[in-house]
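Numbering (the numbering used here), first residue to last: 31 to 469.
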Amino acid sequence: MLSSKSVIRASSGFWMKSLGHLVVLSSLCRLISGYSEREHRVHDLMTKYPLIDGHNDLALRLRILYDNRLSQVDLHNVSKVATDITRLQAGHVQAQMFSVYVMCGAQQKDAVRLTLEQIDVVRRMCTEHVDFELVTSAKELRDSEMRHKIACLISIEGGHSIDSSLPALRMFYQLGVRSMALTHTCNTPWAESSSKRYDVYQRQNDSLTHFGKAVLDEMNRLGMIVDLSHTSLDTAKAALNYSKAPVIFSHSSSYSICSNDRNVPDWLLLDLKKNHGLIMVNLYSKFISCSDEANISHVADHFDHIKKLIGAESIGIGGDYEGADVFPQGLEDVSKYPALIQELLQRNWTENELADVLRKNFLRVFEEVEGVREQLRLNKPSEVQISLQEVQNPCRLVLKPPRPKGSSNQGPSSRAQHEPKGPLILATVLLLSSLLMME
């Protein structure tokens with residue numbers, strides 16, 4: 031039989047262990063509750079201010095994987111990609127700028143045809159699926175949110191798609207294009223790329239030519255957003271100084287954090303602030319950490335730096351999903367955007383700042399671009415043309431009447447100029463000989 035002291039000691043030990051278990055359990059509950067509260071806060075914020083994403087290359091993947099045959103694709107669940115309707119909805123992506131991209135090798139060839147085909151696949155994708163809605167104005171973009179649709183905006187990625195033709199630019203606008211990057215990884219005859227991959231249209235001290243300025247003028251007149259991602263620093267600076275409307279970097283990050291040529295240095299960010307423009311932070315690991323390894327914290331460092339330099343009112347998000355192959359841990363696809371917002375909340379970003387980043391900043395820029403269009407509404411379409419010497423395109427047709435069928439390449443006068451000269455020389459020599467003999 032246990033003594034009273036033993037009973038007390040056993041009882042005390044039991045309660046001490048129980049108390050310890052309760053402390054651990056309580057801590058666990060608080061931890062779980064903390065996560066739930068943060069996740070709930072992110073969910074509420076992104077429900078109220080769903081994301082407008084500045085750049086996604088799904089159309090390119092649809093060409094590569096399915097040759098643009100949408101009948102073979104379930105857009106709610108697309109394998110081998112980071113984007114589909116289900117994951118866009120999970121990531122609170124309410125509007126997506128879909129890139130229409132054709133490779134630089136098509137320049138001087140069939141870039142315009144390929145661009146038309148990519149516009150076609152985006153238009154089909156966004157008009158044949160009830161969850162999507164094609165929009166072409168800031169008002170339509172706002173209205174689509176009220177209807178709980180994923181709004182589709184069309185952006186051309188690379189000025190080579192217009193083949194140095196302002197009429198082609200206008201026709202793309204008529205098809206719904208509302209943004210264009212001046213270059214991709216190749217120079218055009220009128221603007222310079224940040225990349226040296228293609229040795230084409232090399233110029234000295236001419237980052238934005240006379241025709242390049244005409245392109246900006248026409249984009250401003252139409253109400254098309256000028257995108258400077260992929261341009262050289264000189265071209266970006268020239269465009270920022272010349273454009274009458276705010277511009278965007280649709281998918282670029284901070285050069286001070288990662289010194290990749292595709293990122294934007296501080297001095298240019300300051301010019302962007304003066305322009306009232308927008309940098310939409312790219313999530314590609316090599317632009318975030320300058321390596322294949324990156325995490326959400328590295329991404330947030332870019333946001334923090336840019337906010338400190340030019341303010342949250344100049345920042346957006348342009349994920350670049352489908353256009354890159356390596357993304358930070360925790361941001362592997364478009365469903366993971368809430369994790370980024372949660373990280374920024376933990377870094378004391380306010381809900382107003384995040385509302386700006388998620389959608390308000392892009393809407394402001396879009397509306398200001400449309401405002402400039404209204405100011406220029408009396409201007410007639412530009413008739414500026416680029417010279418054949420600048421284009422240097424052997425595939426361009428020089429308009430001349432065709433030669434009649436069966437005719438030779440040379441007319442009578444031309445043939446006379448190319449008659450054999452031997453008999454003429456012989457006749458001259460004989461004539462001179464005769465004259466000499468007569469003397």
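From the three backbone atoms N, C-alpha and C, an ideal C-beta is built for every residue, glycine too.
Query: Enumerate in chain order the residues of its own chain whose CB-to-CB distance from residue 139 is below 6 Å, with the five nearest sequence positions on each side excluded.; Result: none
Query: At the level of alpha carbons, what is the spacing between residue 34 and residue 369?; Result: A caution first: residue 34 carries a pLDDT of 48, below 50, which makes its placement in the model unreliable, though a value can still be read off. Looking at the two C-alpha atoms, the distance is approximately 57 Å.
Query: To the nearest angstrom, how far is it from the Cα of residue 512 to the Cα of residue 87?; Result: Residue numbering for the chain in the displayed model covers 31 to 469; residue 512 lies beyond these limits and cannot be assessed.
Query: Grouping DSSP H, G and I as helix and E and B as strand, with all else coil, what is residue 95?; Result: helix
Query: Secondary structure at residue 203, three-state DSSP: helix, strand or coil?; Result: helix
Query: Let me check understanding here. Comparing Cα to Cα, which of 82, 100 and 169 lies closest to residue 156?; Result: 100
Query: Could you say if the segment 334-347 and the segment 384-397 meet the contact criterion of at least three C-beta pairs nearer than 8 Å?; Result: yes
Query: Among the candidates 112, 329 and 295, whose CA atom is the shortest distance from the CA of residue 316?; Result: 329
Query: Between residue 373 and residue 347, what straight-line distance do the alpha-carbon atoms span, to the nearest angstrom?; Result: 14 Å
Query: DSSP has residue 257 in a bridge; who is on the other side?; Result: 211 and 278
Query: According to DSSP, residue 372 sits in a beta bridge with which residue or residues?; Result: Paired residues: none, contrary to the question.
Query: Assign residue 183 to buried or exposed, taking buried as 16 or more other Cβ atoms, counted over all protein chains shown, within 10 Å of its Cβ.; Result: buried
Query: Would DSSP call residue 288 helix, strand or coil?; Result: coil
Query: Quick one: is residue 425 buried, meaning 16 or more other Cβ sit within 10 Å of its Cβ, or exposed?; Result: exposed
Query: By how many angstroms is the C-alpha of residue 74 removed from the C-alpha of residue 217?; Result: 44 Å
Query: Buried or exposed, going by whether 16 or more other CB atoms sit within 10 Å of the CB of residue 102?; Result: exposed
Query: Using 8 Å for Cβ pairs, my map puts residue 269 next to residue 212. What's the rounded Cβ distance?; Result: 7 Å
Query: Given 8 Å as the limit, is there contact between the segment 391-411 and the segment 156-175, that is, 3 or more CB pairs closer than that?; Result: yes
Query: Mark residue 257 as exposed unless 16 or more other C-beta atoms lie within 10 angstroms of its C-beta, in which case mark it buried.; Result: buried
Query: So who's on the other strand from residue 126, going by DSSP bridges?; Result: 83 and 182
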